[in-house]
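All remarks here apply to the structure that follows.
Number of protein chains: 2
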Amino acid sequence: MKATIMYGAGDVRVEEVADPVIQHPTDAIVRTVRTCICGSDLHPYHSMRPSSHGQSMGHELLGVVEETGPEVTTVKKGDLVIAPFAWSDNTCPTCRDGFQTACPHGGFYATRQTAGLQAELSRIPLADGSLVPVPGVTEDDTPVLPSLLTLSDVYLTGYHAAFMARVRPGQTVTVVGDGAVGLSAVLAAKQLGAETIILMGRHRARTDLGVEWGATHVVPERGDEGVQRVLAITDGLGSHAVLEAVGHMPAYEQSYRVARTGGVISRVGVPQYEEAGVGFRSLFGRNLTLTGGPAPVRAYIEDAIPQVLEGTIEPGRVFDVTMPIDDVPAGYAAMDARDALKVLVTV
Amino acid sequence: MKATIMYGAGDVRVEEVADPVIQHPTDAIVRTVRTCICGSDLHPYHSMRPSSHGQSMGHELLGVVEETGPEVTTVKKGDLVIAPFAWSDNTCPTCRDGFQTACPHGGFYATRQTAGLQAELSRIPLADGSLVPVPGVTEDDTPVLPSLLTLSDVYLTGYHAAFMARVRPGQTVTVVGDGAVGLSAVLAAKQLGAETIILMGRHRARTDLGVEWGATHVVPERGDEGVQRVLAITDGLGSHAVLEAVGHMPAYEQSYRVARTGGVISRVGVPQYEEAGVGFRSLFGRNLTLTGGPAPVRAYIEDAIPQVLEGTIEPGRVFDVTMPIDDVPAGYAAMDARDALKVLVTV
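Those protein sequence lines, which keep their order, are chains A and B.
The working numbering applies: residue 3 is where the first sequence begins, and numbers increase by one.
The working numbering applies: residue 3 is where the second sequence begins, and numbers increase by one.
Next comes the structure, spelled out in structure tokens:
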């Protein structure tokens, strides 16, 4: 089968590799219908040191079950399924709390344990917990497939930001970052009833989609100027919730500066820093709350599927380019150059 | 009148100073019935550089209104009143949000703007917002006075920690620190329904009061050993909420290590650091929430007064030593030596 392997910064290849096989009785093998490239895949694309054996890539998958291990009970051959970007048992106390990304028995794709999902076939561990069937939909229902795929990561990561910030009707929400996750956070904040949604971003094609999804204001300025713009929009008070979908330190600092006293900063951009300001001058003095983390999309996916199928939301619009799997290297380059917002991959 | 002035580390004096006078039409003059010494007063007691003019001290006050400016409408001469440790208008958007400690028109005592409250008389700015009358109680109702005084800071600071952590019935709560605020946080967590309350502290007389107030476990160990003890008590999962009432970095690090995935760390100990770990390894990876700040006790005080008067809570038990104002320097020394948990001052 074909799979995506990264050999170093800027060096992504699609190669023939052995088909995956059932290794544990709880595994399933899934044939890819749609996969995609994530903004987080660009981190190694920028920085990975050359490697002779390479690193398999991808963690987003909509597919059809091909085979199940003897202990799998909740999905069967032929089911259309979504694979959340982390696998988990979905039964332990941590999963029952709704934080499946930290399941002590689970893990992540494209790691030593499990291959990446930008491939024709994938082995899914703990399939009962890690796959969610989409009843009544087949792989021929083309228009709905992109939005279903976003439930494996990008849309529900944006939703997690808004959920952890406890966005409520009437609130003012600022979204930092106009990437696919930031735009998803706009859509989620709107679903949760935010009245004013300020999108901080400067890429017009992207912010236009943000406006369609509910952003009431777009602030292209950054730093001091951006902060002043947000404060001006909010009567000098700042934003009840700030959804941070970037992960770099300037975005963190911008976030606490535009937050209202007593407000919440909710991060879903993986922080590219370990230490940051949390003392009197940054968070403590104004009773700011800092929250967020890797999105446990598994916790939200069953509620989101009907929203997609009924057309309430169409998060698949973040995909502005579609390519066959052979062209995945060009997809990385297009996202890196910001020629593509997010690349959908067919097989 | 007598007032408390600090001239440098370890150098506190009670001196005769001019009586305060009404400076603004919204001011009130309050005669002290009870005041006290705060753990935070020990920070300058340790570190203040020698000063020839000195620094007035104190921010906790139960007193009787002596005089009001012409624009004061909600309190009158003769009222027994509690002064929250920050003054505020209590009408602006920030105050209405419940964060009066950040009121843009307010401020703190013992600053350039306003003298400290360890004195016989005090000028209270914005008296309508900054004083809360206690109807039906007089300064002769001695037994209830200490608990009423705790509503100006210590008890409601502990309450703020539990409130911001959204402690709910059935949860496990860990309190870091067995000072007066930490013990108050135990009492507040119990009021909010916490089922398991783990108090991390090593001063037996203090932790005994914590147990009376609801602590189900006391963990005297610190560092790795303390973390392992808490994890053992919580089936390896950690605590839903961690109430941090210390303010030093080791307490911060201990807090995120004993928090359950998806849990909350709520700080009310003023952080003696500005930067700290917030990235994947500390907060982000396990979706931990960090919250807290200077307690807006003004927001909670009206609900707490009946709890005190009905005897539901007796937070005044944190006072284990009572001294007249002339002995305040000895009170600082006793708290610094941990001979006293918290010193109540009479005038």
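Here a beta-carbon is modelled for each residue, glycine too, at the ideal position from N, C-alpha and C.
Item checked: Cβ pair A/Gly-179, A/Gly-271 closer than 9 Å -> In contact: A/Gly-179 and A/Gly-271 (Cβ atoms closer than 9 Å).
Note to self: Please list, in chain order, the residues of the region 272-283 of chain A that have any C-beta partner in chain B closer than 9 Å.
What the structure shows: Listed in sequence order: Val-272, Pro-273, Gln-274, Tyr-275, Glu-276, Glu-277, Ala-278, Gly-279, Val-280, Gly-281, Phe-282 and Arg-283.
Margin query: Which residue wins for smallest C-alpha separation from B/Phe-321, given the options B/Gly-41, B/Leu-239, B/Pro-331 and B/Leu-194?
Written below: Looking at the Cα atoms, B/Gly-41 is the closest of the given residues.
Checklist line | Sequence-distant residues of its chain with Cβ nearer than 6 Å to A/Phe-101 (five each side left out) | finding: Taken in chain order, the residues that qualify are Pro-298.
Check: Do you know whose CA, among B/Leu-194, B/Gly-240 and B/Gly-181, lies nearest B/Gly-212's CA?
Finding: Comparing alpha carbon positions, the residue from B/Leu-194, B/Gly-240 and B/Gly-181 closest to B/Gly-212 is B/Gly-181.
Notebook entry, point to check: Pick from A/Leu-128, A/Tyr-47 and A/Val-32: whose alpha carbon is nearest that of A/Val-74?
Noted result: Sorting A/Leu-128, A/Tyr-47 and A/Val-32 by C-alpha distance to the C-alpha of A/Val-74 places A/Leu-128 at the top.
Margin query: Whole angstroms are fine: how far does the CA of B/Ser-284 sit from the CA of B/Arg-259?
Written below: In a straight line, the C-alpha of B/Arg-259 is about 8 Å away from that of B/Ser-284.
Next item on the list: Quick one: measure Cβ to Cβ for B/Thr-152 and B/Pro-317, integer angstroms, because I've assumed they're closer than 8 Å.
Entry: Yes, they are in contact, since the Cβ atoms of B/Thr-152 and B/Pro-317 sit about 4 Å apart, within 8 Å.
Checklist line | Beta-bridge pairing of A/Gln-57 - partner residues as DSSP gives them | finding: DSSP, once it has assigned bridges, lists A/Met-8 as partnering A/Gln-57.
Next item on the list: Note the first and the last residue of the continuous alpha helix (DSSP H) segment covering A/His-162.
Entry: Here the alpha helix (DSSP H) through A/His-162 covers 156-166.
Item checked: Where B/Pro-145 falls, given that 16 or more other Cβ within 10 Å makes a residue buried -> Counting other Cβ atoms within 10 Å of its Cβ, B/Pro-145 stays below 16 and is therefore classed as exposed.
Next item on the list: Could you check if B/Thr-263 is buried or exposed, using at least 16 other CB atoms within 10 Å of its CB as the buried criterion?
Entry: Classification of B/Thr-263: buried, given that the 10 Å Cβ count is 16 or more.
Check: For the putative contact between B/Thr-348 and B/Arg-36, defined by C-beta atoms under 8 Å, what is the C-beta separation to the nearest angstrom?
Finding: About 6 Å; that satisfies the 8 Å criterion.
Item checked: Beta-carbon gap between B/Leu-158 and B/Ile-303 smaller than 9 Å -> Taking 9 Å as the Cβ cut-off, B/Leu-158 and B/Ile-303 qualify as a contacting pair.
Next item on the list: May I ask you to list, following chain order, the residues of the region 87-113 of chain A that have a beta carbon less than 8 Å from some beta carbon of chain B?
Entry: Residues passing the 8 Å Cβ filter: Pro-95, Thr-96, Asp-99, Gly-100, Phe-101, Thr-103 and Ala-104.
Next item on the list: List the residues of chain A that B/Phe-286 touches, going by C-beta distances under 8 Å, in chain order.
Entry: Chain-ordered, the chain A residues with CB closer than 8 Å to the CB of B/Phe-286 read Arg-269, Val-272, Pro-273, Gly-294, Gly-295 and Pro-296.
Check: Which residue from A/His-26, A/Arg-340 and A/Gly-56 puts its Cα closest to that of A/Arg-208?
Finding: For A/Arg-208, the closest of A/His-26, A/Arg-340 and A/Gly-56 by C-alpha to C-alpha distance is A/Arg-340.
Margin query: Please state whether the Cβ-Cβ distance between A/Leu-290 and A/Gly-265 is less than 9 Å.
Written below: Yes, they are a contact pair.
Checklist line | Option nearest B/His-219 by Cα separation, candidates B/Asp-210, B/Asp-226 and B/Glu-227 | finding: When each option's Cα is compared against that of B/His-219, the closest is B/Asp-210.
Next item on the list: Identify the continuous alpha helix (DSSP H) that holds B/Thr-152 and give its terminal residues.
Entry: That run of the alpha helix (DSSP H) goes 147-152.
Notebook entry, point to check: What's the call for A/Gly-225, buried or exposed, on a 16-neighbour Cβ count within 10 Å?
Noted result: Around the beta-carbon of A/Gly-225, fewer than 16 other beta-carbon atoms lie within 10 Å, marking it exposed.
Note to self: If I measure Cβ to Cβ from A/Thr-293 and keep anything under 8 Å in the same chain, skipping five residues before and after, which residues do I get?
What the structure shows: Residues Met-166, Ala-167, Val-266, Ile-267, Ser-268 and Arg-269 of the same chain have their beta carbon placed closer than 8 Å to that of A/Thr-293, with the five preceding and five following residues left out of the count.
Next item on the list: Would you decide whether B/Pro-273 is buried or exposed? Buried here means 16 or more other CB atoms lie within 10 Å of its CB.
Entry: Buried, because 16 or more other Cβ atoms sit within 10 Å of the Cβ of B/Pro-273.
Item checked: Start-to-end residues for the alpha helix (DSSP H) that takes in B/Val-188 -> Residues 182-193.
Notebook entry, point to check: By the 10 Å Cβ neighbour count, where 16 or more other Cβ atoms means buried, how is A/Gly-240 classified, buried or exposed?
Noted result: Flag for A/Gly-240 reads buried.
Next item on the list: Return helix, strand or coil for B/Ala-306, following the three-state DSSP convention.
Entry: The answer is helix: DSSP assigns B/Ala-306 an H, G or I state.
Item checked: Within-9 Å CB hit, B/Thr-291 to chain A -> B/Thr-291 counts as touching chain A.
Next item on the list: Please confirm if the region 192-201 of chain B is in contact with the region 53-64 of chain B, defined as three or more CB-CB distances below 8 Å between the two stretches.
Entry: As far as the Cβ criterion goes, the region 192-201 of chain B does not touch the region 53-64 of chain B, which means the pair count is below three.
Checklist line | Cβ neighbours of B/Gly-2 in the same chain (closer than 6 Å, five flanking residues each side left out) | finding: The question about residue 2 of chain B has no answer, for chain B in this structure spans 3 to 349.
Note to self: Can you look up B/Cys-38 in the DSSP assignment and give me helix, strand or coil?
What the structure shows: Looking at B/Cys-38 - three-state DSSP - the assignment turns out to be strand.
Note to self: Buried or exposed, going by whether 16 or more other CB atoms sit within 10 Å of the CB of A/Lys-192?
What the structure shows: Per the 10 Å Cβ criterion, buried.
Check: Across which residues does DSSP place B/Phe-110 in a beta bridge pair?
Finding: Partner(s): B/Ala-88.
Checklist line | chain A contacts from the region 240-271 of chain B (Cβ-Cβ distance under 7 Å) | finding: Of all residues in the region 240-271 of chain B, Thr-263, Gly-264 and Arg-269 have a Cβ within less than 7 Å of some Cβ in chain A.
Next item on the list: Please work out which residues of its chain come closer than 8 Å, Cβ to Cβ, to A/Gly-195, disregarding the five sequence neighbours upstream and downstream, and give them in chain order.
Entry: Answer for A/Gly-195: Val-169, Arg-170, Pro-171, Gly-172 and Gln-173, listed in chain order.
Notebook entry, point to check: Exposed or buried, A/Gly-238, counting other C-beta atoms within 10 Å across all chains shown (16 or more means buried)?
Noted result: A/Gly-238 comes out exposed.
Check: Since A/Pro-326 sits in a beta bridge, which residues does DSSP pair it with?
Finding: Among the bridge pairs identified by DSSP, A/Pro-326 is matched with A/Thr-348.
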